[in-house]
Amino acid sequence: MEKGQGDPQKCFLGREIEDFLDIVRIRDEINDAQLHVGVIPIANPPFALKGDGPLPPEYTLDVVSQSDLPLDQQTGGGWGAWVVGACSSWISTDSQNVSEEYRKFSEDALQKEIEWACHCGMYGCILPTP
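The opening position of the sequence shown corresponds to residue 12 in our numbering, with each subsequent residue numbered one higher.
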């Protein structure tokens, strides 16, 4: 292999799934497109971030999947090994531009979202940018 060329056996292709309705339908779309992974959001944005009110004292996880079954139990065939969860993009744990309250709320959210992804057996997680 020449310098600068990647190994196609180590380059996984995937697509972000924005409209999460049915894990089986998503699996079929990923397979039909001959992709390796589907990236799905882990959680819906918290209601508190949609308005001008104060943050609640603790983050309440509102999962997109609406199921706590491991993904291989939902779809058969172990597709959970091909699902990558996307942590919420609003999370900011180390920015100087957010309050201490927001940082702690973000830390709580990040921990709960990663724990949920592990519980469901997701292949991996994409973290929010710093």
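Where a beta carbon is used, it is the ideal one built from N, C-alpha and C, also for glycine.
- Pairing PRO67 with PRO56 gives a Cβ-Cβ distance that is not under 9 Å.
- Nearest to LEU60 by alpha-carbon distance, out of ASP43, LYS123 and SER117, is SER117.
- Counting along the chain, no beta strand (DSSP E) covers GLU112; the unbroken alpha helix (DSSP H) around it starts and ends at 111 to 131.
- With contacts defined as CB atoms closer than 9 Å, PRO141 and SER106 qualify as a contacting pair.
- Per DSSP, the unbroken alpha helix (DSSP H) holding ILE34 starts and ends at 34 to 43.
- By the C-beta density criterion, GLU124 is buried, having at least 16 other C-beta atoms within 10 angstroms.
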